[in-house]
Structure formats: structure tokens, C-alpha cells
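In the working numbering, the protein residues as written are 731 to 1127.
Scroll down for the structure; my scribbles are underneath it.
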Ligand code: NDP
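Written out as C-alpha cells, the structure reads:
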């Protein structure tokens, strides 16, 4: 029985709050804090059970530390933006609170994801007897657990990994992102890196395209190779990997708009002078784009996110595909959010539950593939993210 503080009242915050509220035996008290309190209140109004709401600027370590001192939660679930990660980790250390997030820290002025800043907290969390769980969303998150699960139960040695994130969802907007627009655009426009024979190989953004057919009659989709943060942790904690790649599907309309917006400078992250003010183009663009938290009612179709692993078992080469399929409309009916927020929010709740149940409570800073995958996988089946493993005869992208 623990008090938990959720920081961030966006699309993911909505789901994680609702999911935690359903398990009062673990999350006995929920405090939801964000920059704009009325967004917290709107989420709390949807929840069947008490949720207290607060306003906080999580960039301000002093303000957040003071709030944590008053509230004394056992755990903070950080579903604000990656920019706040270090400030929230600092506040958790100051007060003695466990920590969980879904996206790794990045600075505002460079669109580059790296775990080095958060891994540098390892000794401090360990010495304080506190757990920090990094990247407990779907990808990163469930995909790291999928990889660990295949490595534990299906393969003696895992050699090649392809993480494939398909969003077959459709809404009526010509251009919208399925999570925070600024973070999404920074991620997609960054140069591509994949792991090959002991190092990262860099190629231009979205320059490698392939076609992937999803299981369960979901159809075929164009997918593009891109860098994603779990490649850094997975290649560190599974050094036997000879190749690791991440792929994401994009519609032609999304790519066409992204190209034009990029060409005119609207995806830039450097401040520009406008009418006597400094503005960051991508942040201005975000104010014009649909709020991902509001996409749920108009998004139809499914997501299919999983990992294909090629490796060796009993001396023979084997290929396994492990995946989850989620239906946008089913998610919306359940929690009022589309499947990207849903898959992320449920995974964050599961990571939090495992810490509070003592199953993943371990002083230090951890990525999910470093912990036993079995309890996470069991909880996925229990809380709306059923998964499946199939053996493939062949696989090429
Ligand atoms: P949203 O933009 O919908 O929500 C972010 C929330 O954080 C907003 O409510 C925002 O407040 C709040 N916030 C921003 N800055 C601060 C601050 N300084 N102090 C307090 N609150 C703040 O984003 P999403 O819900 O789509 O995404 C949330 C996180 O989840 C992101 O980090 C994203 O990268 C991650 N994510 C991870 C995925 C995974 O699979 N691992 C997949 C999808 C997302 P306000 O609205 O007032 O500005």
C-alpha cells in the first residue's frame, strides 16, 4: 500500500493515472501533479477513485523537492517530458523517493538521446537505497522486456534484433503526432543510427525503408529505420548482439508534411527572432498541431509493436517474433486515449507496480532488460497488453 506521485497530465499521464487507480491494493493513494493543474483535474474527474491534484514546475528542483517533502510518496512516476528527468531524479534523491520514467533525458538544445546523464546517477541511487527505473513505457519499455524474455526463454544466444513499431491508426488530420509533438519530431528527424558489429552506424534520417507484414491480418506497412533510445541500453546489456535496428511505420501524408515543414524550418529546435521575441520553431509548431491526448476519439486501427530476434538455440539458428497488438478504439473505450498513450501508460503502471511490490525493487538505476522479465510479462497479459511469440522460418527487411 503506497502513495504514488504521477508527474505530467498529458496523454500518457491520463492512462497511467487511470490504471494505477484500478489497483488500490498497490497504489493506495494517487497524487497527480503537472504544470497546468486544470489538466490534472480533468484526468482526476475521469478516474473512478480519489486522485489529488497539484500544480508543479518539475524543471524547478527546489519547488519539486519541497512538494515531495510534504507529500512523501514512495515513488514518482515521471510522464512529463524528457527535459525534466534529471530535475525529478535530483528531487527524488533529496527526499528519498523511488523514480520511474518512460523516456530518457535529453537537453533542449540538442536532439540527441543518450542514457549517459541518467546512468551517472547509479551510485547515488544505490547508496540511497532507492530504485530508478528508466524507460518503462512500451518502446522503450515492453520492447526491452520482450528482448530479455526471448533471451531468457527462447534463445541461448541472441545475435540480431529488429524492433518494429507499427502504428496502423488513422485519424482525419493530415498531420498529427501520436505523442508529444515536439519530442516526436525531434526523434523522427534525428539522423538514424543502428548497431552493427560492435558500433553504431549512422545514416541520414528516414533513408532506409522496408515493408513489414503484421500478424493477425493487420496488413502490410512501410517502415523506416531510425534511432531509438533502447538500442543504446540493449546493446550495452546484451553485448552479444551483432546487429540491432529500430523501425517505425509512417504514413505518406505524415512524411510529406514533415518534409515540407522541415524545408521551411518549422521543425528547427534553435530559437529564432520573431517580432521582437525569441521562439523555437518546433515549439510554435506544437501549438498549432492537434493535442495527442485528444486524438483518441477519432483514431481507428491498431498498433503492432514487437521484436524479431535471430539467434542460436541448441546449436541451431532460430528466429522468434514477440509482439502486442492494440486497437485504438478499444483503448479509447476503456480509458479515453489512443493506443500509443495506452501502451505507454499501462507499461509505466506495471513497472511502478513491480517496484512497489518489491519484485523490481533494487537500489540503483536500471533499464528494464536488466531485471527479470517474467513478472512484467505476466502483468502485461493481466492489464490489457496481451502478447504472443511465434517462430518464423525466415526474416529479411
Ligand atoms: P504530453 O505532451 O501529452 O504530456 C506531457 C505533460 O507533461 C503535459 O501535461 C505537460 O504539462 C507536462 N509537463 C511538461 N513540462 C512540465 C514541467 N516542467 N513540469 C510539470 N509538468 C510538465 O506528452 P505525452 O503524454 O504524449 O508523453 C509523456 C511522456 O511519455 C514523454 O516524455 C514521451 O516522450 C513519453 N512517451 C514514451 C513512450 C514509450 O513508449 N516509452 C511513448 C510515448 C510517449 P502542460 O500540458 O501544462 O504543458
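Where is the CB? At the ideal position from N, CA and C, for every residue including glycine.
This one's a predicted model, so the numbers in the text were calculated from it and none came from an experiment.
Please report the straight-line C-alpha distance between residue 1084 and residue 1033, rounded to a whole angstrom.
The straight-line gap from Cα to Cα measures roughly 25 Å.
So, at 6 Å on beta carbons, what are the nonlocal neighbours of residue 1057 in its own chain, with the 5 sequence-adjacent residues on each side left out?
Correct list, in chain order: 1032.
Within its chain, find whatever has a CB closer than 7 Å to the CB of residue 1010; leave out the 5 residues flanking it on each side and keep chain order.
Contacts found: 999, 1001.
Quick one, which of 761, 828, 970 has its alpha-carbon nearest residue 859's?
It is 828 whose Cα lies nearest to the Cα of residue 859.
Ends of the alpha helix (DSSP H) at residue 848?
Residues 846-849.
By Cβ distance below 6 Å, which residues in the same chain neighbour residue 914 in space, the five residues on each side in sequence not counted?
Closer than 6 Å at Cβ, skipping near neighbours: 907.
Could you tell me which residues DSSP puts in a beta bridge with residue 808?
Per DSSP, 737, 831.
I'd like the list of long-range same chain contacts for residue 1068, defined as Cβ closer than 7 Å, with 5 residues on each side in sequence excluded.
Around residue 1068: 899, 908, 1025, 1026, 1029, 1058, 1061, 1062.
Find the nearest neighbour of residue 1044 within the set 861, 887, 863, judged by alpha-carbon distance.
With distances taken between Cα atoms, residue 1044 lies closest to 887.
Given 8 Å as the limit, tell me if residue 1071 has its C-beta closer than that to any heavy atom belonging to the ligand NDP.
For the ligand NDP, at least one heavy atom lies less than 8 Å from the Cβ of residue 1071.
Thinking C-beta only, is residue 1075 closer than 9 Å to residue 744?
Yes, the Cβ-Cβ distance between residue 744 and residue 1075 is below 9 Å.
Among 807, 809, 1099, 784, which has the Cα closest to the Cα of residue 797?
It is 784 whose Cα lies nearest to the Cα of residue 797.
What's the gap between the Cα of residue 890 and the Cα of residue 993?
If you take the alpha carbons of residue 890 and residue 993, they lie about 35 Å apart.
How about residue 781 and residue 804: are their beta carbons less than 9 Å apart?
No, the Cβ-Cβ distance between residue 781 and residue 804 is not below 9 Å.
State the start and end residues of the unbroken alpha helix (DSSP H) segment that holds residue 958.
Where residue 958 is concerned, there is no enclosing alpha helix (DSSP H), given that its DSSP letter is neither H nor E.
Which one of 877, 1104, 1101 has the shortest CA to CA distance from residue 960?
Residue 877 is the option with its Cα nearest to residue 960.
CA-CA distance, residue 793 and residue 786?
Each residue's alpha carbon lies about 7 Å from the other.
Around the Cβ of residue 1124, are there at least 16 other Cβ atoms within 10 angstroms (buried) or fewer (exposed)?
The residue in question, residue 1124, is exposed, as its Cβ has fewer than 16 Cβ neighbours within 10 Å.
For residue 1071, count neighbouring Cβ atoms within 10 angstroms of its own Cβ and tell me buried if that reaches 16, exposed if not.
By the 10 Å Cβ count, residue 1071 comes out buried.
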